[in-house]
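**Student:** Below you'll find the structure I mean.
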Amino acid sequence: MSQDKTERQLNLVICLLATRRFLSAQEIRATVHGYGDVESDAAFKRMFERDKRELRDAGIPITTGRHDPFSDEDGYRISRDDYELEPIELLPDEAAVLGLAARAWRHAVLGEAAANALLKLRTAGVPVDSAALPAITPVLGADEPAFPPIWQAVRDRRPVTFDYRKPGQDTPTRRELEPWGVANVAGRWYVAGYDRARRARRVFRLSRIVGDVRVHTSGPAVQVPAGVDVRSLVNARPPEPEQVALLEARTDAAHALRRDARRIVAGERSDGTGWDLVEYPYTDEADLAARVAEYGEHVVVREPERARAAVVEHLAAVAAAPVKDEPQEEAPPALRPAAPRRAGTSAEQLRRLLMLVPYALSHDVRVPEVAEHFGLTEKQVLKDLSLLWMCGLPGYTPGDLIDVDVEAAAETGEIIIANADTLAAPLRLTADEAASLVVGLRLLRDLPGVDSAALTRVERKLREVAGTAVELADSVDVRVDADGEAARLRERVGAALESGHRLHLRYLSGYADRVSEREVDPMRLVVQDGHVFLEGWCRLRQDVRLFRLDRILELTVLPVAAEVPAGVRGRDLSGGVLQRSATDTLVTFELEPAARWVAEDYVCSDVRELPGGRLRATLRTPEPGWAVRLALRLGATGRLVAPTGLAERVRELAERALLRYPD
Numbered sequence: 001m002s003q004d005k006t007e008r009q010l011n012l013v014i015c016l017l018a019t020r021r022f023l024s025a026q027e028i029r030a031t032v033h034g035y036g037d038v039e040s041d042a043a044f045k046r047m048f049e050r051d052k053r054e055l056r057d058a059g060i061p062i063t064t065g066r067h068d069p070f071s072d073e074d075g076y077r078i079s080r081d082d083y084e085l086e087p088i089e090l091l092p093d094e095a096a097v098l099g100l101a102a103r104a105w106r107h108a109v110l111g112e113a114a115a116n117a118l119l120k121l122r123t124a125g126v127p128v129d130s131a132a133l134p135a136i137t138p139v140l141g142a143d144e145p146a147f148p149p150i151w152q153a154v155r156d157r158r159p160v161t162f163d164y165r166k167p168g169q170d171t172p173t174r175r176e177l178e179p180w181g182v183a184n185v186a187g188r189w190y191v192a193g194y195d196r197a198r199r200a201r202r203v204f205r206l207s208r209i210v211g212d213v214r215v216h217t218s219g220p221a222v223q224v225p226a227g228v229d230v231r232s233l234v235n236a237r238p239p240e241p242e243q244v245a246l247l248e249a250r251t252d253a254a255h256a257l258r259r260d261a262r263r264i265v266a267g268e269r270s271d272g273t274g275w276d277l278v279e280y281p282y283t284d285e286a287d288l289a290a291r292v293a294e295y296g297e298h299v300v301v302r303e304p305e306r307a308r309a310a311v312v313e314h315l316a317a318v319a320a321a322p323v324k325d326e327p328q329e330e331a332p333p334a335l336r337p338a339a340p341r342r343a344g345t346s347a348e349q350l351r352r353l354l355m356l357v358p359y360a361l362s363h364d365v366r367v368p369e370v371a372e373h374f375g376l377t378e379k380q381v382l383k384d385l386s387l388l389w390m391c392g393l394p395g396y397t398p399g400d401l402i403d404v405d406v407e408a409a410a411e412t413g414e415i416i417i418a419n420a421d422t423l424a425a426p427l428r429l430t431a432d433e434a435a436s437l438v439v440g441l442r443l444l445r446d447l448p449g450v451d452s453a454a455l456t457r458v459e460r461k462l463r464e465v466a467g468t469a470v471e472l473a474d475s476v477d478v479r480v481d482a483d484g485e486a487a488r489l490r491e492r493v494g495a496a497l498e499s500g501h502r503l504h505l506r507y508l509s510g511y512a513d514r515v516s517e518r519e520v521d522p523m524r525l526v527v528q529d530g531h532v533f534l535e536g537w538c539r540l541r542q543d544v545r546l547f548r549l550d551r552i553l554e555l556t557v558l559p560v561a562a563e564v565p566a567g568v569r570g571r572d573l574s575g576g577v578l579q580r581s582a583t584d585t586l587v588t589f590e591l592e593p594a595a596r597w598v599a600e601d602y603v604c605s606d607v608r609e610l611p612g613g614r615l616r617a618t619l620r621t622p623e624p625g626w627a628v629r630l631a632l633r634l635g636a637t638g639r640l641v642a643p644t645g646l647a648e649r650v651r652e653l654a655e656r657a658l659l660r661y662p663d
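As numbered in full-length UniProt numbering, the sequence shown has no gaps in its residue numbers, which increase by one up to the final residue, 663.
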């Protein structure tokens, strides 16, 4: 039935594109193959109305008009001016940044839309090179289950209803929102809009939406206030009074705390170690206690007394937590490459064919290339071609049908299509396709090695050919947030990449409270989750490593040429920056509602809901000590339960830290 539906809808598109006048529904029923066998007028009407709606949803502009000036009956046709992608000419630098922008989504939910946009542009003769600018790799993640329906609601200007759990809340609450737009801040997606129940503007983090999002399909469209800035709404926080705590920290410890300190007074050194006084700003005593407890006995609050008492209470809760001999979670099966997806719905198949025909007419294309682009098996591509061979202009004689050499495709992989002039022009960009490219372009702003003038020019050209379809991009805000120091560091790394020089780094590990000295031959910059990473050949580890720029304490450009060993390639980032390994340790936490952020901020192998809004989360880590520090930081809001040996270690360190706070 799905194949029959695709064939019927494709025949309808060809017919309405070829006609120069509006055709009545009855004329369509009589001439378009697939409608003639419908038994009743009512059944035909339902089928035809459904087909029109689905084609319009796919971006095919079926227009309505009078097919006869003396009749009040509606007629239908597809205007080529509305259907066809307008010509667009890009300079080489513009084509390079556009290909880079499309790559930003390739591992995310809009990856297919971005790839399809490039295919349409290439069909129109635009020389888009998705492999250009290899020294930069933008990656936009959108793994939250709520992202697709929220994106759809913003695109279609529709209200949404969802359950939302605020931090520390036991049970989620129902919210009804008129969404104005989405923003990616520090790698997290947020939606801002008007909360109908609270009658006020609100911001919601997508990862905290529980269950399904219902998009309202009826009622008036959402009206977005003029000039609304979604990012400003997300970043708006009520000011909090800042206080200063006086800490004692071991010389070789608490490196992350030291970076945020107001002042550090070095203490006496003995064998290179000692205790420093650190003036540390804070606004919340509970948060300060968690940050200090993370370092165990290596950091002590000297004053004020209330902050000191908060740390004692925090550590006491960790020391008092029961340690049970719980079985270790079994490791999930090793990750396998994603299998080609199924051919999908008839709507997906129709969109593929409408892209494939003009591309094959203008390019030498083969079955494996088509299968790779659309994520299909070669057998599924041959099935598509066989269906295409059955479609054409009304009459459906050999001279009317599209000519496809199915035998050549099966035997040699060559795709030869003829007699398909009606579909020779590529379909214009959909809202998702246009927005995915424009949003990707915005992610590239201010990155070293990217021509800002080319970005501006190509965005303007995209807007000209996409028309209203690109308006969705104005409701999406993504950028790489960085303070002045981080921006300067980014520029220096970009310059080293361009000049081909080796770098020396003092680098703060993301897993351990440890600073190491590294010599790195830079390979590229990776932008993901709101952070910029340097990927390079680490001469200490003799392997490719990723270094987050905001963890680089010092950077020196060495007067030595970078030498990346032959055959070394950048990491596959399809699974994200975090690289999993069979040697990683599995750790399991039980989290109170206030600590559900752990499952939001870290990649979990398994997450299970527990009574009262609690979670049981299992994570992989190459550094078990990181899990111990996280458990110390969580205090009463979370407990490391497996492996038992690590849980015992957490309690032991908490007890030792408490000894630093005598009564």
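In this text, a Cβ means the ideal position worked out from N, Cα and C, and glycines have one as well.
#1: Taking the C-alpha atoms as reference points, what is the distance between Gln-380 and Leu-387?
#2: Between which two residues does the beta strand (DSSP E) containing Asp-163 stretch?
#3: Do three or more CB pairs link the region 96-114 to the region 450-469 at distances below 8 Å?
#4: Provide the residue(s) that pair with Gly-375 in DSSP beta bridges, ordered along the chain.
#5: Would you identify the three-state DSSP class for Asn-116, choosing helix, strand or coil?
#6: Answer yes if the region 162-172 comes into contact with the region 180-188, meaning at least three C-beta pairs across the two stretches below 8 Å, and no otherwise.
#7: Pop quiz: Arg-660 and Ala-293 are said to be a contact at Cβ under 8 Å. What is the actual Cβ separation, rounded to whole angstroms?
#8: Is it buried or exposed, Arg-342, if we count other Cβ atoms within 10 angstroms and call 16 or more buried?
#9: Considering only the alpha carbon of each residue, which of Glu-519, Ile-552, Leu-553 lies closest to Gln-542?
#10: Which residues in the same chain as Ala-627 place their Cβ atom closer than 7 Å to its Cβ, once the five residues preceding and following it in sequence are excluded?
#11: Going straight from the alpha carbon of Ile-416 to that of Leu-591, what length do you get?
#12: Please go through the UniProt domain "WCX" (587-658) and give each complete alpha helix (DSSP H) segment of 4 or more residues, from N-terminal end onward.
#13: Indicate whether the contact test is met: 3 or more Cβ pairs, each with one atom in the region 261-280 and one in the region 203-223, closer than 8 Å.
#14: Taking just the CA atoms, how far does Arg-77 sit from Trp-389?
#15: Below 7 Å CB to CB, which residues in the same chain sit around Leu-444 once its five sequence neighbours on both sides are set aside?
#16: Can you check DSSP and say which residues form a bridge with residue 747?
#17: Just to confirm, is the Cβ distance from Pro-179 to Gly-193 under 8 Å?
#18: For Glu-94, which residues from the same chain have a beta carbon less than 8 Å from its beta carbon, with the 5 sequence-adjacent residues on both sides left out?
#19: Which first and last residues belong to the beta strand (DSSP E) in which residue 666 is found?
#20: Could you spell out the range, first to last residue, of the alpha helix (DSSP H) harbouring Gly-570?
#21: Go through its chain and collect everything with a Cβ distance to Lys-120's Cβ below 6 Å, but skip five positions before and after it.
#22: Going by the beta-carbon positions, is the gap between Tyr-280 and Leu-257 smaller than 8 Å?
#23: Is it true that the CB of Arg-479 sits closer than 8 Å to the CB of Arg-442?
#24: Could you check if Lys-166 is buried or exposed, using at least 16 other CB atoms within 10 Å of its CB as the buried criterion?
#25: Hey, is the region 428-435 in contact with the region 464-479, meaning 3+ C-beta pairs nearer than 8 Å?
#26: In terms of DSSP beta bridges, what is Gly-536 paired with?
#27: Do you know how far the Cα of His-363 is from the Cα of Pro-87?
#28: Over the uninterrupted beta strand (DSSP E) stretch that includes Trp-275, give me the two end residues.
#29: Which value, in whole angstroms, describes the spacing of the CA atoms of Leu-246 and Leu-277?
#30: Suppose contacts are defined by Cβ-Cβ distances below 8 Å. Is Arg-66 in contact with Phe-22 by that definition?
#31: Quick one: what's Asp-287 bridged to in DSSP?
#32: Can you look up Tyr-507 in the DSSP assignment and give me helix, strand or coil?
**Tutor:** The short version:
#1: 11 Å
#2: 160-164 is the extent of the beta strand (DSSP E) around Asp-163.
#3: yes
#4: Per DSSP, none; premise fails for Gly-375.
#5: helix
#6: no
#7: Incorrect: roughly 11 Å between the Cβ atoms, too far for contact.
#8: Residue placement at Arg-342 is poorly supported in this model, since its pLDDT is 45, which falls under 50; the coordinates are not used for a value here.
#9: Glu-519
#10: Val-587, Thr-621, Leu-640, Leu-646
#11: 59 Å
#12: 597-601, 624-634, 644-658
#13: no
#14: 23 Å
#15: Val-97, Leu-100, Ala-101, Pro-138, Val-450, Leu-455
#16: The structure shown has nothing for residue 747, since the chain only spans 1 to 663.
#17: In terms of Cβ geometry, Pro-179 and Gly-193 form a close pair [threshold 8 Å].
#18: Ala-454, Arg-457, Val-458, Lys-461
#19: Because the chain here runs from 1 to 663, residue 666 falls outside it and cannot be looked at.
#20: First-last for Gly-570: undefined, no H or E at that position.
#21: Within the same chain, Lys-120 has close Cβ partners Leu-85, Pro-426.
#22: Going by C-beta atoms, Tyr-280 is nearer than 8 Å to Leu-257.
#23: Yes; because the gap between Cβ atoms is below 8 Å, this pair is in contact.
#24: exposed
#25: In this structure the region 428-435 lies against the region 464-479, because at least three pairs of beta carbons, one per stretch, are closer than 8 Å.
#26: Under DSSP, Gly-536 shares a beta bridge with Pro-522, Arg-545.
#27: 17 Å
#28: Where Trp-275 is concerned, the enclosing beta strand (DSSP E) stretches over 273-282.
#29: 7 Å
#30: yes
#31: Here Asp-287 is not bridged, per DSSP, to any residue.
#32: Taken through DSSP and simplified to helix, strand or coil, Tyr-507 comes out as strand.
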